[in-house]
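Have a look at the structure below before the remarks.
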Amino acid sequence: MASFNDFYQLTKPRLSFLSLFSALIGFAIAPKSAVPSWALLYTVLVSLGIACSAGGAAVLNQWMEHRLDGLMERTKDRPIPAGRVRPVTALCFGLLLSGTGLGILYGLSSPLTGSLALLTLLSYLLLYTPFKKLSPINTLIGAFPGALPPLIGWSAAEGSLSLMAGLLFALLFFWQMPHFYALAWLYREDYASAGFKMLTAIDPKGTAVGQRSFIYTLILVAITLLPFYFGFTSLIYLIAVSALNLYFLFRAYAFMRATDKGTQARNLFIASILYLPLLLLLLCLDSAVFNF
Numbered sequence: 175m176a177s178f179n180d181f182y183q184l185t186k187p188r189l190s191f192l193s194l195f196s197a198l199i200g201f202a203i204a205p206k207s208a209v210p211s212w213a214l215l216y217t218v219l220v221s222l223g224i225a226c227s228a229g230g231a232a233v234l235n236q237w238m239e240h241r242l243d244g245l246m247e248r249t250k251d252r253p254i255p256a257g258r259v260r261p262v263t264a265l266c267f268g269l270l271l272s273g274t275g276l277g278i279l280y281g282l283s284s285p286l287t288g289s290l291a292l293l294t295l296l297s298y299l300l301l302y303t304p305f306k307k308l309s310p311i312n313t314l315i316g317a318f319p320g321a322l323p324p325l326i327g328w329s330a331a332e333g334s335l336s337l338m339a340g341l342l343f344a345l346l347f348f349w350q351m352p353h354f355y356a357l358a359w360l361y362r363e364d365y366a367s368a369g370f371k372m373l374t375a376i377d378p379k380g381t382a383v384g385q386r387s388f389i390y391t392l393i394l395v396a397i398t399l400l401p402f403y404f405g406f407t408s409l410i411y412l413i414a415v416s417a418l419n420l421y422f423l424f425r426a427y428a429f430m431r432a433t434d435k436g437t438q439a440r441n442l443f444i445a446s447i448l449y450l451p452l453l454l455l456l457l458c459l460d461s462a463v464f465n466f
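Counted from 1, the sequence shown has number 379 at position 205 by my numbering; the numbering is strictly sequential.
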C-alpha cells in the first residue's frame, strides 16, 4: 500500500524545491507592481501554485517513464516501478497537482504567470521527456523548462518581464548544462541500459562531455557579469560572484582535462549544486541594498 512518502517522492522533492526556490528569487528581486495589498498571503498562494505545478510535472514525468525507470539501478526503487503506487494513481495525482497549481496561478496572478507555468509543464513533458529517447540534444532542450521558474516568479511580482528576468533565465539555462553533463557521466551506464540518448552514449571517453561542460560554464560566467554591466547590481556582487565563478570554472576545467573523469564529474556535480543557490542568494541579497 502506498505511503505518504511514496507520493512525496513522486514529486521529485529536490527538483521541485529548486524550481520553487529559483521562482521565489525571481519574485523577490522583481518590482512588486503586481503584488496586492495582502502581499504575504499572495506570496504564500503563488508559492503553493508554483510548488503544485512543479510537483505535478515531476509526477507526470515519472508516470511517463516508469517502465524505463525500472531498467535503471538509480531509479528502479521509485514508487511506480517498485509497485508501491499504481500508474493510474500516479497519473491522477499528477493531473490533480498540475491542475491545482495552474488554477492558482491563472486565477490569482496574471495570465502571463499562468501561461509561463503551463509552458514549463508542456515543454518538460512533451519535448524534454520524449527527446531523452531520441537525441543527445535532450539536455539542451531540457534546460528550457528548467530555466523558466524565475520568469514565473518575476511575472507574479511585476505582471510583466524585463531584461533582468531574461538574465535570470539565461543563468538557469546555462547552469544546467555542466550540472546535467556531470550527472550523465556519473550514470552513463544506467542511462544506456534504459535507451536514453545521452551525449555520454556516443562519447565513451568523455572528451565532448568535458569540453561542452567547460564551454557552457564559460558562457554562464559571462552572463553572471551582465547584471553588474547593466547597472542592476553593486560592486560587492561583482567581487563575490567572481570568486564563485573561479571555483566553478576550476571544477569544469578539471572535469574537461581529467583522463579518469569519474571523480571530477562528481566534484563538478557537487560544485554545481553549491554554486546555483549561492549565486541566486547573492543576487537576492544584493538587490535588497541595491534595488534594481
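Ideal Cβ placement from N, Cα and C applies to all residues, glycine included.
Quick caveat: nothing in here was measured; it's all calculated off a predicted structure.
- One Cα belongs to L373, the other to V209, and the distance between them is close to 43 Å.
- Per DSSP, the unbroken alpha helix (DSSP H) holding R241 starts and ends at H240 to D243.
- Burial of A439 is indicated by the presence of at least 16 other C-beta atoms within 10 angstroms of its C-beta.
- Taking C-alpha positions only, A462 is separated from I203 by approximately 8 Å.
- Within the same chain, and ignoring the five residues on either side of M238 in sequence, the residues whose Cβ sits closer than 6 Å to its Cβ are T303.
- For K435, the enclosing alpha helix (DSSP H) starts and ends at K435 to V463.
- DSSP, read as helix, strand or coil, puts S207 in coil.
- By the Cβ-count criterion, A396 is exposed, with fewer than 16 other Cβ atoms from all chains shown falling within 10 Å of its own Cβ.
- Counting other Cβ atoms within 10 Å of its Cβ, W328 reaches 16 or more and is therefore classed as buried.
- For the 8 Å CB-CB criterion, L279 and G288 form a contact.
- Per the coordinates, the alpha-carbon of I389 lies some 15 Å from the alpha-carbon of T313.
- Judged by beta-carbon spacing, L345 lies within the 8 Å limit of L453, meaning their Cβ atoms are closer than that value.
- Taken through DSSP and simplified to helix, strand or coil, G380 comes out as coil.
- In the three-state DSSP reduction, T294 falls in the helix class (H, G or I).
- Scanning the region 293 to 328 for uninterrupted alpha helix (DSSP H) segments of 4 residues or longer gives 312 to 321, listed from N- to C-terminal end.
- Remark: fewer than three beta-carbon pairs, one from each stretch, lie closer than 8 Å, so the region 317 to 325 and the region 360 to 369 are not flagged as touching.
- In the structure shown, the three-state DSSP call for T185 is coil.
- Distance from the CA atom of F402 to the CA atom of Y411, rounded to whole angstroms, is 8 Å.
- Boundaries of the alpha helix (DSSP H) around P352: L337 to L360.
- A228 sits away from S283, with the two beta carbons spaced by 8 Å or more.
- For the options I254, I224 and R241, the alpha carbon positioned closest to that of N179 is the one of I254.
- The three-state reading of DSSP puts A417 in helix, counting H, G and I together.
- Excluding five sequence positions before and after F343, the CB atoms of its chain that fall closer than 8 Å to its own CB belong to A321, L322, P324 and L325, given in chain order.
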